[in-house]
Amino acid sequence: MAVLPEMVVEAQRAAAARQGILARFGAREVTVDRETIEGLPGGANQPLNQILLQTPGVVQDGLGDIHIRGEHRNLQYRLNGVQLPEGISGFAQVFDARSLRSVSVLTGALPAQFGFRTNAVIDLETRTGALDPGGSIGVYGGARGTIQPHASWAGLVGPWDVFVTGSFLRSDQGIDNPTSSWRAINGNTQQTRGVAYAARQLDDTTRLSLIAGTSLSRFRIPVTRGQEPAFTAFGASDFDFDSADLRARQWERNWYGVAALQKSYGDVDVQIAPFVRYSSIHYVPSTVGETVFNGSAADVFRASMAMGVQGDAAWRVAANHTIRIGVQAQGERARFRSSTTALPLDADGAPVDDPFTIGDRYGRTGWLYGGYVQDEWRITPRLTLNVGVRWDQMVQFVTAGQLSPRVNLVWKPGDTTTIHAGYARTFTPPQFELVQAGSIARYEGTTAAPFSLENGLARPERAHRFDVGISQRIGPRLTLGVDAYYKSVRDLLDFGQFGAAPIFTPFNFRLGRVYGVEFSGNWRGDRWLAYANLALSRSVGRDLRSGQFAIEPDELAYIAGKYVRTDHDQLITGSAGAIWNAWEGGRLSASMLYGSGLRRGFAATEKVDPYATFNLGLSQEFTGPDRGRWTARIDLINVFDSIYQLRDGTGIGLGAAQYGVRRGVFAGLSRNF
């Protein structure tokens with residue numbers, strides 16, 4: 001026990017040095033700490049995207065997707081300060097919330113340190129054995145056959161600071177229900193997640209930390225009862241196939257690892273971090289049924305292996321100047337294969353009952369390089385200017401690069417007021433492993449034929465970003481904030497589901513504009529935490545430059561002639577919540593989410609109906625018969641059983657309809673040690 005205080009000091013010193021390397025000037029930062037994560041309805045049992053939805057400007061979508069500030073993806077995930085390569089993100093949640101000390105969301109005109117994915121940075125801080133000693137084992141479950149056992153432990157093993165956690169989830173509704181029913185048909189899922197962290201001090205100024213994690217998920221794709229067959233296939237002249245019997249499946253696998261070496265040389269802090277990530281998605285169709293109902297069925301596999309290294313350094317060159325410099329290099333091998341069952345068309349364009357298979361496969365290696373230098377200049381004790389420049393280069397399906405200036409100003413006119421403003425030129429490569437690069441001509445003359453053979457290569461997005469905001473503390477407990485942003489874009493990146501498989505493909509609008517304003521309030525007392533957020537956002541694009549083959553010609557012509565709303569555009573988004581430590585060991589919580597509706601219809605000219613959902617939670621700590629510390633909790637999700645639709649299956653590049661989850665009661669019991 002005598003060594004614990006020194007280990008705690010070393011862990012705190014390392015975390016402070018890491019945060020000193022990571023510049024946040026000019027960015028709007030919202031942090032959800034461990035206590036808040038545990039206190040919200042669902043606690044750490046809920047996926048990470050549900051926690052992020054309680055922060056300003058985060059919009060809910062189907063398949064577990066979220067949109068921040070009117071954009072589709074373009075999110076950068078950092079684990080203890082190290083940027084992780086994107087996976088082939090489907091609807092699985094890779095990170096286990098139990099492994100996190102805090103989650104911070106950085107938005108705005110980000111400093112030059114942040115490249116490639118620049119709409120928002122999701123900064124994840126893992127738990128550690130020195131700062132979060134102890135462990136727990138428990139189970140959580142309830143509605144729709146949900147059962148989720150979990151275990152975690154944090155402590156010291158010799159000189160090592162260690163944390164490990166793992167969980168398993170089984171549920172009858174893994175992804176969004178395509179109907180408004182309480183339980184999805186064929187919606188079963190099984191998911192396994194695990195994270196391990198280990199760190200040790202090599203000497204007084206050197207620290208090594210290792211992180212490894214995995215997420216393995218299996219989904220059945222929910223179906224709609226009562227659909228009418230559209231095609232005759234496989235020799236059935238009077239086909240009576242029930243659409244409720246479709247049994248499509250999808251597997252998602254993710255592994256990631258980071259090794260970070262921190263070193264201090266007086267006024268210089270350095271971190272070198274190699275990283276690796278493997279990600280794959282495999283969609284297995286219900287071949288006969290999908291061919292009968294849709295005219296084709298595709299078995300699709302995508303995989304990506306990415307490795308690279310990130311180096312960052314901060315030099316406190318003078319009392320009022322801190323120079324930061326860094327580089328990053330990443331190589332990625334992407335593989336794709338598909339086997340599509342389709343029906344041939346006769347001379348009149350009518351399908352013929354003679355199904356055959358079209359194969360497609362390719363593999364390609366892509367590279368990303370980046371570097372930056374920036375100066376944090378404290379002009380006065382209340383005024384700080386952060387100026388930097390970033391260079392990014394991609395060598396993928398398209399070779400391109402850009403030199404991007406960044407400037408941010410932070411002014412504190414008083415002890416309770418902070419004003420920030422910034423400009424950033426950004427360069428965003430398309431998600432390499434999701435780019436559609438196979439031949440579409442081979443599907444001509446079949447029921448799987450595209451609308452056209454036009455398919456420009458996905459290009460990098462180039463944008464000018466502007467951001468200004470103010471944060472005002474009123475008294476010791478209340479903080480109010482407002483932040484406005486504007487983004488002018490060339491080759492605006494978006495994503496579409498082109499085909500039956502729920503896998504996204506990037507495409508570009510030639511021009512785009514994204515703008516909005518966010519309001520937030522946070523009140524924290526001795527026993528209370530309350531917050532509320534309201535965001536207004538608009539995202540528009542004009543003239544498709546890639547992915548044209550999947551869009552109907554009249555819709556394509558309409559988009560070419562005027563700005564249209566992107567399919568993920570939502571004008572009004574709100575969230576609010578409260579956590580009350582009501583009595584000794586007891587906690588009550590509530591949260592809500594409001595959305596004015598995502599886009600739908602021809603060229604996304606309409607929207608789905610608005611919705612609001614409310615959740616309640618109750619937890620109680622107590623001493624069990626074994627004299628141990630136990631925690632029981634019960635959560636009521638979607639209290640009023642609101643029936644709301646996230647998507648109706650129409651819009652620009654969208655697939656099936658998706659409804660929000662219906663009311664459910666969940667309970668959990670855990671033993672802490």
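Position 320 of the sequence shown, counting from 1, maps to 320 under UniProt numbering, and the rest follow consecutively.
Cβ atoms here follow ideal geometry from the backbone N, Cα and C, with glycine treated the same way.
Quick caveat, the model's predicted, so the values are computed rather than measured.
Distance between beta carbons of residue j and residue i, contact taken as under 8 Å
i: N408; j: A109; result: 6 Å
i: residue 678; j: T128; result: One cannot answer for residue 678 here, as it falls past the ends of the chain, which runs 1 to 673.
i: L79; j: T126; result: 7 Å
i: G174; j: G194; result: At roughly 18 Å, the Cβ-Cβ gap does not stay under 8 Å, so G174 and G194 are not in contact.
i: P41; j: N615; result: 4 Å
i: T505; j: G295; result: The pair is not a contact, with the Cβ atoms about 20 Å apart (cut-off 8 Å).
i: Q620; j: G655; result: About 43 Å separates the two Cβ atoms, so there is no contact after all.
i: Q396; j: P429; result: 7 Å
i: S670; j: S280; result: In fact, because the Cβ distance is near 32 Å, the residues do not count as touching under 8 Å.
i: R200; j: W153; result: With a Cβ gap of about 17 Å, R200 and W153 do not count as contacting.
Which listed residue (the options) has its alpha carbon closest to that of residue i
i: S180; options: G42, Q46, E252, T224; result: T224
i: F549; options: A198, D354, G496, G226; result: G496
i: G445; options: D353, L345, T384; result: L345
i: A532; options: F504, G574, V564; result: G574
i: G660; options: G64, G57, V30, V58; result: G64
i: G226; options: L492, G213, D242; result: D242
i: R101; options: G257, D123, L84, Q113; result: D123
i: G266; options: A557, D204, G257; result: D204
i: H282; options: Q271, T341, P229, L216; result: L216
i: L202; options: V268, L52, G158, G628; result: G158
i: E71; options: G414, K487, R337, N386; result: K487
i: Y423; options: V389, T340, G57; result: V389
i: F519; options: Q472, L669, N638; result: Q472
i: M307; options: G601, R337, W255; result: W255
i: L73; options: R28, A120, F666, Q310; result: It should be noted that the sequence gives Arg, not Leu, for residue 73. Out of R28, A120, F666, Q310, A120 has the C-alpha closest to the C-alpha of R73.
i: V387; options: D375, Q393, M394; result: D375
i: V284; options: R524, D132, R337, G115; result: R337
i: T146; options: V164, G134, F168; result: F168
i: D567; options: G617, G649, I643; result: G649
i: T365; options: G349, E228, V435; result: V435
i: A603; options: E584, Y611, A557, F622; result: A557
Those residues which DSSP pairs with residue i across a bridge
i: I572; result: L536
i: D635; result: G617, F666
i: Y197; result: F163, I211
i: K562; result: Its beta-bridge partners do not exist; DSSP assigns none.
i: E332; result: A306, G366
i: Y515; result: Y486, R538
i: E252; result: S217, I281
i: G521; result: L480, A532
i: N672; result: S136, R629
i: N508; result: L493
i: F301; result: H282, R337
For residue j and residue i, the rounded distance between their alpha carbons
i: A233; j: R249; result: 21 Å
i: R361; j: R302; result: 10 Å
i: D543; j: S452; result: 16 Å
i: residue 679; j: A314; result: Within the shown structure, residues of the chain are numbered from 1 to 673, placing residue 679 beyond reach of any answer.
i: L343; j: S596; result: 41 Å
i: L246; j: R220; result: 10 Å
i: N581; j: D526; result: 9 Å
i: R98; j: Q148; result: 13 Å
i: G514; j: L571; result: Rather than Gly, the amino acid found at residue 514 in this sequence is Val. Cα to Cα, the separation comes out at about 11 Å.
i: D172; j: I185; result: 8 Å
i: Q60; j: T341; result: 34 Å
i: Q50; j: W528; result: 21 Å
i: D96; j: F509; result: 34 Å
i: H150; j: L457; result: 44 Å
i: Q46; j: P355; result: 43 Å
i: I325; j: G370; result: 11 Å
i: T631; j: N672; result: 8 Å
i: T31; j: V105; result: 6 Å
i: R465; j: S591; result: 32 Å
i: G516; j: R538; result: 6 Å
i: L48; j: T55; result: 12 Å
i: R34; j: L52; result: 13 Å
i: I551; j: K562; result: 16 Å
**Report entry** Inside the segment 433 to 498 only - beta strand (DSSP E) runs reaching at least 3 residues
**Finding:** Segments of the beta strand (DSSP E) lying fully in the segment 433 to 498: 461 to 474, 478 to 496.
Report task. Run through the segment 43 to 105 for me and flag every whole beta strand (DSSP E) of 3 or more residues, listed as ranges in chain order. Result -> 58 to 60, 66 to 68, 75 to 79
Report task. May I have a chain-ordered list of the beta strand (DSSP E) segments no shorter than 3 residues that lie completely inside the segment 113 to 199? Result -> Taking only runs of at least 3 residues, the beta strand (DSSP E) segments lying wholly in the segment 113 to 199 are 120 to 126, 134 to 142, 146 to 157, 160 to 171.
**Report entry** Ranges of the beta strand (DSSP E) found wholly within the segment 261 to 285, counting only runs of at least 3
**Finding:** 268 to 284
Query - Whole runs of the beta strand (DSSP E) within the segment 354 to 436, excluding any shorter than 3 residues - result: 356 to 380, 383 to 395, 399 to 414, 417 to 428
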